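Asks: In full-length UniProt numbering, the protein residues as written are 1 to 340. A virtual CB, placed ideally from N, CA and C, is assigned to each residue, including glycine. Since the model is a prediction, treat every value here as computed from it, not as a measurement.
1) In this structure, how does DSSP classify residue 107 when only helix, strand and coil are distinguished?
2) Is residue 192 helix, strand or coil when you go by DSSP?
3) Alpha helix (DSSP H) containing residue 291: first to last residue?
4) So, helix, strand or coil for residue 259, using DSSP?
5) What's the gap between the Cα of residue 102 and the Cα of residue 282?
6) Could you work out which residue in 274, 80 and 87 is closest to residue 198 when comparing CA atoms only?
7) So residue 235 is in the alpha helix (DSSP H); what residue range does that whole segment cover?
8) Identify every run of the alpha helix (DSSP H) within the region 48-130, keeping only runs that are complete inside it and at least 4 residues long; order them along the chain.
9) Return yes when the Cβ of residue 261 is within less than 8 Å of the Cβ of residue 127, no when it is not.
10) So, are the CB atoms of residue 201 and residue 99 less than 8 Å apart?
11) Let's see if you can read the secondary structure: which residues bound the alpha helix (DSSP H) around residue 28?
12) For the beta strand (DSSP E) that residue 273 lies in, which residues bound it at each end?
13) Under the DSSP definition of a beta bridge, which residues are partnered with residue 13?
14) From 4, 90 and 109, pick the residue whose C-alpha is nearest to that of residue 60; which is it?
15) Based on Cα-Cα distance, which residue from 190, 64, 249 and 73 lies nearest to residue 91?
16) What would DSSP say about residue 220, mapped onto helix, strand or coil?
17) Using DSSP with H/G/I as helix, E/B as strand and the rest coil, what is residue 133?
18) Indicate the three-state DSSP secondary structure (helix, strand or coil) for residue 251 in the structure shown.
19) How big is the Cα-Cα spacing for residue 67 and residue 279?
20) Which of the three DSSP states is assigned to residue 306 in this structure?
21) How big is the Cα-Cα spacing for residue 122 and residue 221?
22) Rounded to a whole number of angstroms, what is the C-alpha to C-alpha distance between residue 30 and residue 232?
23) If you compare alpha carbons, which of 184, 73 and 224 is closest to residue 196?
24) Taking 6 Å as the limit between beta carbons, can you name the residues of its chain near residue 26, skipping five residues before and five after?
25) Going by C-alpha to C-alpha distance, which of 107, 89, 228 and 22 sits closest to residue 250?
26) Give the single residue among 104, 72, 181 and 264 whose Cα lies nearest to the Cα of residue 299.
27) Just to confirm the assignment, what range does the beta strand (DSSP E) spanning residue 354 have?
28) Does the beta-carbon of residue 78 have 16 or more other beta-carbons within 10 angstroms, so that it is buried, or is it exposed?
29) What span of residues does the beta strand (DSSP E) with residue 182 cover, start to end?
30) Starting from the C-beta of residue 307, find all residues in its chain whose C-beta is less than 8 Å away, skip the five residues before and the five after it, and write them out in chain order.
31) Quick one: what's got a C-beta closer than 6 Å to residue 39's C-beta in the same chain, skipping five residues either side?
32) Taking the beta strand (DSSP E) that residue 39 belongs to, which residues open and close that run?
33) So what's residue 246 in DSSP terms, helix, strand or just coil?
34) With DSSP run on the structure shown, which of helix, strand or coil describes residue 265?
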């Protein structure tokens, strides 16, 4: 039976370069054994989410989220609640592309990212559930986490991660801690903090050492609570992050593993950030869904400690052969043209 793939792409992600590579991406996936079609998202709410759900229920074997972390989040929210979930591929075309960074998927070339999917190696990834929403990389609460909302979308497109750095430098002096009540597997945190976050990968906000011991499929979040908002202490913590993840033992940091979290505000509103976007207000319950979605990844580049099992798509032997044969045919065609 012919395998089918649906690419769901955001035509405005990044610098809108994805559209130029779409034909070659379709060719790569066709040569890998997939009957492939594409859907461009629209400004309508939940456009990518609704199409992902429709395609999954229509029996597509593979859905590819092509865009930024927001597009990936929407696609995951479309398939995560379903009993039968297709495999997920990622072609990054956003600003920070944290999730692609964690999976070692090329972030500068959509064509190279498509080749990772054609190669056929997958990881069964943990995802998170926040009340009735799902997330793939991070959930956070506290005033520091509101940085993402302060960066206009057009700035993200034009200036990429630089937009976050500029806005962060502007807002950091105004950040203050708030009282939080956090219930996790092995304890409770009651006290002031500038933010908490639950991480599923090692890549958060463009930094790869915030969670230096991240595992992608162990059923655990990494909970980090930043207790201070003092500017000098915050700068010191950032330096420790950049210096090999040494912040995890600092007195201003609570760093623990947990399969769940209940976050409650104490005396003021606490907004929750889910994969970089506003996801509602606390109180909120978070649960880790262990190995919930199978995702194509560049497994050779992922540290061994980060995954417990690497799976090769059982149907991909033939697909890889088709891909290799297709490349050889192109090479032979080029040679014929040169001979002429």
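Replies: So, to answer that:
1) Counting from one through the chain shown, the residue named residue 107 turns up at place 107. Looking at residue 107 - three-state DSSP - the assignment turns out to be coil, as it is neither helix nor strand.
2) On the chain shown, position 192 is the one that residue 192 refers to. Strand, per DSSP.
3) Numbered from 1 along the chain shown, position 291 holds the residue referred to as residue 291. That residue, residue 291, is in no alpha helix (DSSP H); its beta strand (DSSP E) goes 284-296.
4) Position 259 of the chain shown holds residue 259. Three-state result, residue 259: coil.
5) Here residue 102 is taken as the residue at index 102 of the chain shown, counted from 1. Here residue 282 is taken as the residue at index 282 of the chain shown, counted from 1. So the alpha carbons of these two residues sit roughly 27 Å apart.
6) Looking up residue 198 in the chain shown gives position 198. The candidate whose alpha carbon is nearest that of residue 198 is 274.
7) Within the chain shown, numbered from 1, the residue matching residue 235 stands at position 235. Segment 231-242, the alpha helix (DSSP H) holding residue 235.
8) 69-79, 98-102 and 110-119
9) Translated into the one-based positions of the chain shown, residue 127 becomes position 127. Translated into the one-based positions of the chain shown, residue 261 becomes position 261. Not in contact: residue 127 and residue 261 (Cβ atoms no closer than 8 Å).
10) Here residue 201 corresponds to residue number 201 of the chain shown, with the count starting at 1. Here residue 99 corresponds to residue number 99 of the chain shown, with the count starting at 1. Yes. Within cutoff.
11) By one-based count along the chain shown, residue 28 stands at place 28. Run containing residue 28: 18-31, per the alpha helix (DSSP H) assignment.
12) For this step, residue 273 is matched to residue 273 along the chain shown. Here the beta strand (DSSP E) through residue 273 covers 271-274.
13) As a working note, residue 13 is residue 13 in the chain shown. According to DSSP, residue 13 bridges with nothing at all.
14) One-based indexing of the chain shown puts residue 60 at position 60. With distances taken between Cα atoms, residue 60 lies closest to 4.
15) Taking the first residue of the chain shown as 1, we reach residue 91 at position 91. If we check each option's Cα against that of residue 91, 64 comes out closest.
16) Reading the chain shown from its first residue, position 220 is the one you call residue 220. Coil, per DSSP.
17) For the purposes of this step, residue 133 is identified with residue 133 of the chain shown, where counting begins at 1. Residue state, collapsed to three classes: strand.
18) As a first step, residue 251 is located in the chain shown; it is residue number 251 there, counting from the start. In the structure shown, residue 251 sits in coil (DSSP, three-state: anything other than H, G, I, E or B).
19) The residue given as residue 67 occupies position 67 in the chain shown. The residue given as residue 279 occupies position 279 in the chain shown. Spanning the two alpha carbons is a distance of roughly 19 Å.
20) If you number the chain shown from 1, residue 306 lands on position 306. If DSSP states are grouped into helix, strand and coil, residue 306 belongs with the helices.
21) Mapped onto the chain shown, residue 122 falls at position 122. Mapped onto the chain shown, residue 221 falls at position 221. Answer to the nearest angstrom: the Cα atoms are 20 Å apart.
22) Residue mapping note: residue 30 aligns to position 30 of the chain shown, counting from 1. Residue mapping note: residue 232 aligns to position 232 of the chain shown, counting from 1. When rounded, the distance between both Cα atoms is 54 Å.
23) For this step, residue 196 is matched to residue 196 along the chain shown. Nearest option by C-alpha distance: 224.
24) Indexing the chain shown from 1 puts residue 26 at position 26. Answer for residue 26: 36, listed in chain order.
25) One-based indexing of the chain shown puts residue 250 at position 250. For residue 250, the nearest C-alpha among the options comes from 228.
26) Stepping through the chain shown from its first residue, residue 299 is reached at position 299. Checking every option, the nearest Cα to that of residue 299 belongs to 104.
27) Outside the displayed span of the chain (1 to 340) sits residue 354, for which this structure offers no information.
28) The residue you call residue 78 lines up with position 78 of the chain shown. Buried.
29) Translated into positions along the chain shown, residue 182 becomes position 182. Run containing residue 182: 178-184, per the beta strand (DSSP E) assignment.
30) Counting from 1 along the chain shown, the entry for residue 307 is found at position 307. Counting only Cβ-Cβ distances below 8 Å, and skipping sequence neighbours, we find 123, 215, 216, 217 and 299.
31) On the chain shown, position 39 is the one that residue 39 refers to. Cβ within range, chain order: 8 and 51.
32) Translated into positions along the chain shown, residue 39 becomes position 39. Counting along the chain, the beta strand (DSSP E) containing residue 39 begins and ends at 34-40.
33) As a working note, residue 246 is residue 246 in the chain shown. In this structure, residue 246 counts as helix in the three-state DSSP scheme.
34) Taking the first residue of the chain shown as position 1, residue 265 is located at position 265. Three-state DSSP puts residue 265 in a strand.
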